[in-house]
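Chains as they are written, first to last, in our numbering: chain Z, 1 to 603; chain G, 1 to 603.
All residues carry an ideal CB built from backbone N, CA and C; glycine is no exception.
These figures come from a predicted structure and were not determined experimentally.
Notes follow once the structure below has been shown.
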């Protein structure tokens, strides 16, 4: 069915039920960013494939709300659908709840799928709806009736990620969680975020593309821990291991009926930013006011990587560096031979090199392999149908990553395939200067990402240029490639960066219709020094893939920046050398030997 | 009376009335930062002279809560008082409301002077007090009974600051305000912030030391505007002028009884962050729920300077530059002659040069004239009793400013009086690098001060050094030297910088027991360019006083920084030249001719 047809059917339903609008939230019952296919309703309704957005349909209007990352892509994908783009993260942006409150009349009814919308979003709408007595009507999973051949839930097996990788046992994590919950005066906690559950129980699967989580809810009290999930995905051994740690398995769907069996003499801890509204209604019905709604304690705890996880990340980045070196070597030679290589050929080749690495599980997201003007879409996705051939000129951008048993990677390199324009070279240099400035930052404990973000932007801001996405995000350990609570962006968000947090640093520059550039390294925050002026933190770079220096305009670089690049590339060469063939090593040396910094001779 | 004696008497009262604690808020009925002497109760009770702090007394404890700026000073001034310092703006700081809630038992009674505490503070305490059923008891002006020879209200005349200086008539401002109030659905507004009232009515006096405001409340409805103030301070001509614009004068104290005469069929607009709790209780009694409590619209409007005000600021900084040049010239020569000069002699001399300038009104704050280790106290205040003599070595810091009819200034220069240590020179250089980095920033509309603050800190952070105060504050136009809503600091506060805002840029470095350094320029935010990437803003420096280049470690400076300093100093010389004597001009040339940037010769 085309988006137009689906929307027509939804409008019929709206008319029949007396709804003035329906909202398709674009998430799943677990507030996931990347979704199991079964819950990709936004994509089904609109054809838009971005990872963020909401569709709203009224009798006379259909709109998609999404952010700066996806403006160009959305315009293309919404053509012929009758759906209009509403821009978020721009000055004077109006998000859909405000738009609905404004646009709809007194007493209007807005239908939402409460299963796929967190409590906080519903509450926010309800508050905005008060003045005009508009109401939110929860119709769980209403999309089901309109979706022929809707995908089912995945059935791949669940496996245990051992303490040799996680550094902390399930029992230890459960003990910690029970302590925190008790300290809050609660008797139990309901977790619904898939990565939080996987982290806590040291389990992984592949229920979401490129995200090794298990679809489940987890309820933990002082006595019990019950995992509501597809039980058949657990083999006998794993079930027994879990049970030995006091974790019972129950079917996924029964959670709704189970709520009323949970002891309600003490409050329950929930995270209203994650928990879906449909399940929340059951919780409220049973617990009444005895609900503590705060950010899940697992979120912060999970973001602070332990020594074993950090060592794993390091190994993962070395593996990734080897695979990328092989890939860029192959690419250069293949281009020299005049081979026809498409964007998809290229990313497939990289994946093939990654698959040769020990402990490889999956890509951590669908690679962004983008040549020339395609790279101006920060989240471009090449398809077999629409895919450019690499030419010996301009820039090629490759943003990709993998999950290994050791850890997860996310890296972007932009390389020249031949001659560049002056603008390409200048922007390439500025973007790299931004990455370097942030990588070299030293900062006192208490500093937030929004305090530091400007460092990555200023080299571009100087020339009144900018990129429309955040500078960095946390990365999960064999979990989601985007993980909170910390981030690096302009929006003021009060989460200090802490030792053990791993955050990407990925400034970019996008020139619509021409080219796109992004350089991305992964930074580990560590404790550097304590003195009378504060507890000082700094970043260590985990990524281990050379930076191409040929496009750099040296006259723009300071000595400090030159030294950074020289040291970084030398370090990459020395670290990867033991894993490379002679040919690969010789080639990588040519890429890393260039010495930018030449100290002035002493007189 | 000594602090100990006052505290003993207050404790007797507490016991008699059954209070478990009393709070001395340290502000006045108008939430002023700098206060008329009559309301300097915190200083009277504790002896602490800083501009920020709260005293709390319980049966067993007396504490002063203040921030990083005043730690060293507070320790000194609280000696012998029995009052303990509680540090704010440090990690894990506990402010006094939380401390009271924690420390006091169930049902405790906390006495506050509701006249000298804004609504928001009382509300915050009340919220924290809920769990233990503690209560806030408002006893307006309780300090009066314990304060012999308490100063009376000032009686200096009020004068009009004409449109030739303010750029906007009183009538126009009132029309604007009435429009905003009506748009909010309100029938009237109650203003109590002294600088907002002075700005709106284009009136000035000197009711607060160094702050040319008039003590008053202002109530404005669609039909009326009533100024509650000391009527005798207005001469017949000004009273008539005000009346011609529809502004009536009434005695200051009657405002309390007047509230019930204000029409209450439509809501009243108040700013609960400013309005005192005692008057608020009257408002609530009369208006019931028909109160809109939001940030006063005058605050933002006032911060965006118009063309006439900006031109005035420019003239003020030229005048200040002339006075400072004469002062530094005099200082250098006097030191060479071996004269004995104390910190107070020096700042008095500067003031004498300023007084020679056209339109001089007053200093904009009490100068911080600090030699050597005294400068390590960012808000040091020399007194006749305790005051150092300048020696021909080390650094001398002078932070001062003036009100002229044209505008207000605030400037800090740190200069070498002789040989410096390596640390002094390195820190002098780093602090200046911070000021330059921020001055050169280009940024898109929407950027907040907390996004940019790091630019001024990073040169120090690199060496794990820092300063414990904000980087910059807004400055009023012939009003308060500290003015919101914008600022430049680490704390996340969502107020974008806007064209027309004037903000100081004053990084520093303080080495306790040794030296202090601060460089402060005033920056005007202006609209630079609009392109596809945003509306670009930048800063223009208003301050026009040379920067001493002799302490700079040139090897630490980039070419860009060298060019900035060269251009700045050359500009200062050229701008001031017409106003200087031949001797002064010759001397200033020696201070500004040094060329740091020497381009490499072309081969």
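Item: Whole-angstrom distance between residue 163 (chain G) and residue 546 (chain G), CA atom to CA atom; Value: 32 Å
Item: Beta-carbon proximity list for residue 86 (chain G), same chain, < 6 Å, skipping 5 on both sides; Value: 63 and 65
Item: Span of the alpha helix (DSSP H), counted from its first residue to its last, around residue 287 (chain G); Value: 277-287
Item: Proximal residues to residue 435 (chain G) (C-beta, below 7 Å), its chain only, five neighbours per side dropped; Value: 456, 505, 507, 519 and 521
Item: Rounded separation between residue 234 (chain Z) and residue 61 (chain Z) - CA only; Value: 46 Å
Item: Whether residue 448 (chain Z) touches residue 496 (chain Z) by CB criterion (8 Å); Value: yes
Item: Listed by chain order, chain Z residues near residue 443 (chain G) by CB distance under 8 Å; Value: 454 and 461
Item: Chain Z contact for residue 494 (chain G) (CB, 8 Å cutoff); Value: yes
Item: Cα-Cα separation between residue 267 (chain G) and residue 246 (chain G), rounded to whole angstroms; Value: 22 Å
Item: Proximity test, Cβ basis, 8 Å: residue 448 (chain G) and chain Z; Value: yes
Item: Validate contact between the stretch 347-354 of chain G and the stretch 323-337 of chain G using beta carbons, cut 8 Å, 3 pairs; Value: yes
Item: Unbroken beta strand (DSSP E) run spanning residue 55 (chain Z), endpoints; Value: 54-58
Item: Segment limits, beta strand (DSSP E) that includes residue 525 (chain Z); Value: 521-531
Item: Residue 372 (chain G) classed as buried or exposed, judged by whether at least 16 other C-beta atoms fall within 10 angstroms; Value: buried
Item: Residue 242 (chain G) versus residue 158 (chain G) - alpha carbon distance; Value: 12 Å
Item: Beta-carbon neighbours of residue 558 (chain Z), restricted to chain G and to distances below 7 Å; Value: 558
Item: Cβ of residue 294 (chain G) within 8 Å of any chain Z Cβ; Value: no
Item: Same chain, Cβ closer than 7 Å to residue 404 (chain G), neighbours up to 5 away in sequence not counted; Value: 316, 319, 357, 359, 360 and 361
Item: Selection from Z:44, Z:58 and Z:77 that minimises the alpha carbon distance to residue 148 (chain Z); Value: Z:44
Item: C-beta neighbour in chain G for residue 529 (chain Z), strict 8 Å; Value: yes
Item: 8 Å CB neighbourhood of residue 628 (chain G) in its chain, flanking five on each side removed; Value: In the structure as shown, chain G begins at 1 and stops at 603. Residue 628 (chain G) is therefore absent and cannot be evaluated.
Item: Under 9 Å by beta carbon: chain G residues contacting residue 435 (chain Z); Value: Near residue 435 (chain Z) there are no residues of chain G at all, since even the closest Cβ is about 15 Å away, more than 9 Å.
Item: Spatial neighbours of residue 115 (chain Z) in its chain, beta-carbon cut-off 8 Å, leaving aside the 5 residues before and after; Value: 29, 140, 141, 276, 277, 278 and 279
Item: Beta-carbon spacing of residue 395 (chain G), residue 424 (chain G) below 8 Å; Value: yes
Item: Counterpart residues of residue 17 (chain G) in DSSP-defined beta bridges; Value: Answer is none; residue 17 (chain G) lacks a bridge partner.
Item: Sub-8 Å separation of residue 470 (chain G) and residue 303 (chain G) beta-carbons; Value: no
Item: C-alpha gap between residue 223 (chain G) and residue 32 (chain Z), whole angstroms; Value: 56 Å
Item: Test: residue 464 (chain G) CB closer than 8 Å to a CB of chain Z; Value: yes
Item: Where residue 91 (chain G) meets chain Z, residues with beta-carbon distance less than 7 Å; Value: 445 and 446
Item: Interface positions of the stretch 521-554 of chain G facing chain Z (Cβ-Cβ less than 7 Å), listed along the chain; Value: 529, 531, 533, 534 and 536
Item: Proximity test, Cβ basis, 8 Å: residue 202 (chain G) and chain Z; Value: no
Item: Residue 604 (chain G) versus residue 340 (chain G): straight-line alpha-carbon distance, rounded; Value: Residue 604 (chain G) is absent from the model: chain G starts at 1 and stops at 603.
Item: Exposure of residue 594 (chain Z), with buried meaning 16 or more beta-carbon neighbours within 10 Å; Value: exposed
Item: Own chain, CB closer than 7 Å to residue 510 (chain G), minus 5 neighbours either side, in chain order; Value: 376, 378, 467 and 516
Item: Residue 463 (chain G), DSSP secondary structure in three states; Value: coil
Item: Min CB distance residue 134 (chain G) to chain Z below 8 Å; Value: no
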